[in-house]
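Chains A and B, in that order, give the protein sequences.
Residue 19 in our numbering sits at position 19 of the first sequence, with consecutive numbering throughout.
Residue 614 in our numbering sits at position 368 of the second sequence, with consecutive numbering throughout.
Below: one structure, written as structure tokens.
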Amino acid sequence: MKKILLLVLGMVMFVFAASPVRATDAEKIIEEADKARGPGDSFSFELKVTSLKPGRKDGISRFKVLIKGIDKSLVKFTYPKRDKGKVMLMVGNNLWIYIPTSRNPIRISQQQRLMGQVSNGDVARTNFAGDYIPTLLREEKFEGTLSYVLELKAKSKEVAYHRIIYWVEKNTFNPLKSEFYTISGKLLKTAYYQGYEEILGRERVTRLVIVDDLRQGQSSIMEYSNMKIEEFPDRIFQKSYLKHLR
Amino acid sequence: MKRMVFILIFFLTLPTHCPALEVDYGGSFRYQSNYYKINRASFLNPHNDILKLPSSDQQLEIKLDLHSWFRETLGFYLKDRASYLIGEDKSKLENILDELYLELNPSESLFFHIGKQNITEGVGYAWNPTDFLTGLEEIDQAQDTRKKREEREGVICLRGEYFLPHLTLTAVASPRMESWGQKADPRALVKVYTLMKNLDFSLIAYAEEKKRPKLGLNFSSTMGESLEVHGEASLQKGTYRYYLNQTDPGHYEFIQKRKESQQLYPKVLVGGQYTFSDNTNLVLEYYHNQEGYSSSEWRDYFEYLKFCGERYEDESLYFSYLLMGNAYFDLTNFRQNYLFLRFSKPNILDRFEISSNNIYNLDDASLLMNVKIDYEGMQDLSVYVLGNFFFGKGDSEFGMFYQSHTFSAGVEYFF
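Quick look at the structure:
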């Protein structure tokens with residue numbers, strides 16, 4: 001009997017030891033990787049999004065983004081002029097847009113996109129930790145750099161992407177690449193994290209290239225600048241406050 | 247107009263003298279050319295003899311939006327639009343001061359606004375039964391829903407807003423004026439808004455001197471990543487709507503015959519929007535308006551128009567009765583049951599957005615269809631064509647409208 005118990009115990013220990021990394025380690029990896037995209041609990045940055053389409057002039061949009069915690073963000077549209085004054089609010093998976101001509105904030109779904117390949121979540125969220133359950137799949141070399149490969153599964157149906165495969169550099173925890181999949185398993189788009197610079201005490205992403213895997217030749221470039229740690233009161237992340245924003 | 251220019255110059259030059267003051271402004275210039283196909287068989291306006299509507303006109307419009315604020319405690323807001331309408335035989339210059347108010351923030355969570363403000367309540371696209379504070383300006387109900395909201399004029403009021411972590415309390419006091427300079431009746435609105443999990447919820451109470459109070463509620467939420475659902479309802483005892491009344495054979499009046507009624511008059515809207523993976527967006531709404539004319543009331547109204555239409559050339563009384571009938575015609579709100587369907591698809595050929603707003607009258611099977619094509623190729627310029635089409639029998643709401651179809655083309659530059 002003792003022998004059987006020891007055998008079972010040994011097998012269980014072997015299974016645990018052989019599994020790539022436990023969930024808690026995977027969570028730590030994405031929490032560390034999130035830090036490369038945002039410097040803390042409450043911060044702001046400016047964002048330029050360039051949409052590239054073959055044979056078309058580049059479409060440029062600019063935003064000021066305010067982030068608080070893992071689930072609150074405000075996106076102010078500053079360019080082009082026809083969009084100036086629009087504000088998008090994201091609290092958890094709830095999204096509203098305030099369009100000055102419509103007078104009143106309206107609720108929108110995650111699927112409604114701001115422009116090109118960039119989703120609302122791509123602009124308003126700089127973290128994966130709050131929305132996804134990670135599993136470490138393997139370690140492999142990505143463009144010569146040893147990296148973790150994680151699978152992230154959405155915690156709820158409201159999240160824009162059902163599944164993400166995420167490459168994170170092993171030594172620095174800097175994100176390198178992510179692939180975004182639909183619920184049916186179709187690859188929607190691929191993001192490349194580039195332009196690492198020392199900002200607010202850590203190497204951070206300043207450029208994110210998003211390639212559309214459904215429409216050949218189409219991509220968007222997100223460029224981050226002027227990142228600042230700032231304290232924001234909770235009230236500004238309320239739907240009824242949107243018209244008071246400056 | 248001159249006064250507006252002085253206010254603008256004053257505020258734009260202020261930051262040079264006072265560094266703590268910040269000013270931001272924007273706006274647009276718009277030119278639109280309109281063609282109207284007159285419905286000469288309309289019972290409201292037979293042979294276009296009653297209203298003598300033009301078959302074309304052109305419109306120039308300037309919109310200005312100016313915000314100015316001093317530190318975090320004092321703000322100034324101005325929104326104005328001036329338009330010049332060039333008609334076939336007359337032109338009209340009009341200026342609408344939409345908003346002009348001061349914002350005071352005595353504490354981080356408390357705001358006061360005083361002046362003329364545009365406060366729009368509701369979550370519906372085509373109708374807002376809880377939008378109790380309305381302005382003076384008449385709005386062309388045939389135009390698309392976004393445009394209707396844009397043209398809705400502000401009201402003079404004092405508004406206070408208090409922000410709690412999960413709750414917003416709003417109180418508004420506003421005098422109702424039927425026209426400028428008239429004695430105003432006081433009215434007040436109180437609103438509580440909260441977000442519960444992923445449900446937005448507002449409760450609104452409205453009171454006005456000499457009138458019965460109204461209650462309203464609205465909600466909106468999302469289901470999954472693509473579906474948004476919303477609803478809005480208002481309730482009051484009795485109604486101030488005008489209904490046709492025959493005093494003697496051949497003699498009519500419109501009276502508020504149900505203002506003392508104990509019956510409840512609900513207005514209910516339920517709807518949702520679905521966004522497809524290619525960003526095509528669909529909005530569907532059902533609207534029930536208990537104040538709307540029933541089938542028998544509508545039949546009486548139609549018979550009245552027909553009766554007057556057969557006699558107006560001989561007797562001026564019936565001409566004035568037809569004018570009166572037009573004054574009480576309330577497009578998209580006249581009957582009790584409607585459906586609204588909006589379809590929009592961006593990025594067609596990478597350059598165009600097509601959208602269509604459709605209102606279907608379930609009581610008489612008539613339809614208002616609005617189609618707009620926007621050229622999105624230039625960032626600060628919008629170029630568009632749009633058409634309104636009215637379908638239905640001659641005795642239906644949209645079938646008897648003044649025009650059978652209209653076409654417009656326009657260009658708007660944003661600065």
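From the three backbone atoms N, C-alpha and C, an ideal C-beta is built for every residue, glycine too.
Cβ pair threonine 652/B, asparagine 280/B closer than 8 Å: Yes.
Taking all protein chains shown into account, decide if threonine 493/B is buried (16 or more other Cβ within 10 angstroms of its Cβ) or exposed. Exposed, because fewer than 16 other Cβ atoms sit within 10 Å of the Cβ of threonine 493/B.
Using three-state DSSP, classify glycine 217/A as helix, strand or coil. Glycine 217/A falls in the coil class under three-state DSSP.
Interfacial residues, the region 157-174 of chain A to chain B, with Cβ spacing under 8 Å: For the region 157-174 of chain A, which is checked against every Cβ of chain B, the residues closer than 8 Å are Lys157, Glu158, Val159, Ala160.
Determine, using beta carbons only, whether glycine 85/A comes closer than 8 Å to chain B. Yes, glycine 85/A counts as interfacial toward chain B.
What distance in whole Å lies between the Cβ atoms of histidine 359/B and arginine 405/B, which are believed to be in contact at a cut-off of 8 Å? A Cβ-Cβ distance of about 4 Å is found for the pair arginine 405/B and histidine 359/B, placing them in contact under the 8 Å criterion.
Rounded to a whole number of angstroms, what is the C-alpha to C-alpha distance between phenylalanine 565/B and aspartate 626/B? In a straight line, the C-alpha of phenylalanine 565/B is about 48 Å away from that of aspartate 626/B.
Alpha carbon to alpha carbon, what distance is there between lysine 72/A and phenylalanine 247/A? An answer regarding residue 247/A cannot be provided, because it is not within the stretch 1 to 246 covered by chain A.
Taking the beta strand (DSSP E) that aspartate 303/B belongs to, which residues open and close that run? Run containing aspartate 303/B: 302-316, per the beta strand (DSSP E) assignment.
Quick check on tyrosine 584/B: buried or exposed, where buried means 16 or more other Cβ atoms within 10 Å of its Cβ? Under this definition tyrosine 584/B is a buried residue.
Inter-residue Cα distance where the pair is aspartate 58/A and serine 220/A: Rounded to whole angstroms, the gap between the alpha carbons of aspartate 58/A and serine 220/A is 9 Å.
Output needed for isoleucine 106/A: all residues of its chain with C-beta closer than 7 Å, excluding positions within five of it in sequence on either side, in chain order. Trp96, Ile97.
Who are the neighbours of glutamine 112/A on chain B, taking C-beta pairs under 8 Å? Identification of chain B residues near glutamine 112/A by a Cβ-Cβ cut-off of 8 Å yields Thr521, Asn525, Asn527, ordered along the chain.
At the level of alpha carbons, what is the spacing between valine 87/A and proline 375/B? So the alpha carbons of these two residues sit roughly 25 Å apart.
Determine whether the Cβ of leucine 245/A lies closer than 8 Å to any Cβ atom of chain B. No, no contact with chain B.
Do histidine 313/B and arginine 207/A have their CB atoms nearer than 8 Å? Result no, Cβ atoms of histidine 313/B and arginine 207/A do not sit closer than 8 Å.
Tell me the DSSP secondary structure of phenylalanine 575/B in three-state form. If DSSP states are grouped into helix, strand and coil, phenylalanine 575/B belongs with coil.
Nearest-angstrom Cα separation, counted from methionine 469/B out to arginine 235/A: Arginine 235/A and methionine 469/B: Cα-Cα distance of roughly 25 Å.
For proline 495/B, which three-state DSSP category applies? Under the three-state reduction of DSSP output, proline 495/B falls in the coil class, being neither helix nor strand.
Whole runs of the beta strand (DSSP E) within the region 541-607 of chain B, excluding any shorter than 3 residues: Within the region 541-607 of chain B, the complete beta strand (DSSP E) runs of at least 3 residues are 583-594, 598-607.
For valine 65/A, which residues in the same chain have their Cβ closer than 6 Å to its Cβ, ignoring the five residues on either side in sequence? These residues qualify, in order along the chain: Phe45, Leu47, Val75.
In whole angstroms, give me the CA-to-CA distance for serine 590/B and asparagine 527/B. Just so you know, the alpha carbons of serine 590/B and asparagine 527/B end up roughly 5 Å apart.
Check whether chain A comes within 8 Å of phenylalanine 598/B, counting only Cβ atoms and requiring the distance to be less than that. So no, phenylalanine 598/B is outside the interface.
For phenylalanine 500/B versus methionine 423/B, is the C-beta spacing smaller than 8 Å? No; because the gap between Cβ atoms is not below 8 Å, this pair is not in contact.
Less than 8 Å between C-beta atoms, sequence neighbours within five positions excluded: which residues of the same chain meet that for methionine 13/A? Only weak support exists for where methionine 13/A lies, its pLDDT of 47 falling under 50; the coordinates are left without a value.
Option nearest aspartate 446/B by Cα separation, candidates Tyr489/B, Gly368/B, Tyr547/B: For the residues Tyr489/B, Gly368/B, Tyr547/B, the minimum Cα distance to aspartate 446/B belongs to Gly368/B.
By a C-beta neighbour count over all protein chains shown, 10 Å radius and 16 as the cutoff for buried, is aspartate 162/A buried or exposed? Checking the sequence shown, residue 162/A turns out to be histidine, not aspartate. Answer is buried; the Cβ neighbour count reaches 16.
Whose CA, out of Asp311/B, Leu320/B, Gly370/B, lies closest to the CA of valine 514/B? Selected option, being the one with the closest Cα: Gly370/B.
Please go through the same chain and pick out, in chain order, the residues whose beta-carbon is closer than 8 Å to the beta-carbon of isoleucine 229/A, but skip the five residues on each side of it. Residues of the same chain with a CB within less than 8 Å of the CB of isoleucine 229/A, apart from the 5 flanking positions on each side, are Pro39, Gly40, Ser42, Phe43, Leu200 in chain order.
Per DSSP, tryptophan 96/A is paired with what? Paired residue(s): Leu89/A, Arg107/A.
Beta-carbon separation of phenylalanine 647/B and serine 288/B under 8 Å? Yes, they are a contact pair.
In terms of residue numbering, what span does the beta strand (DSSP E) encompassing asparagine 120/A cover? Element bounds for asparagine 120/A: not the beta strand (DSSP E) but the alpha helix (DSSP H), 120-124.
For tryptophan 315/B, decide whether its Cβ has a neighbour in chain A, counting only Cβ atoms nearer than 8 Å. Interface residue, yes.
In three-state terms, what does DSSP make of serine 472/B? Judged by DSSP in its simplified three-state form, serine 472/B adopts coil rather than helix or strand.
Is DSSP giving valine 21/A helix, strand or coil here? Reliability fails at valine 21/A, whose pLDDT of 45 lies under 50, so the model's placement of it is uncertain and no value is given.
Distance cutoff 8 Å, beta carbons only. Does lysine 72/A sit that close to anything in chain B? The C-beta of lysine 72/A comes no closer than 8 Å to any C-beta of chain B.
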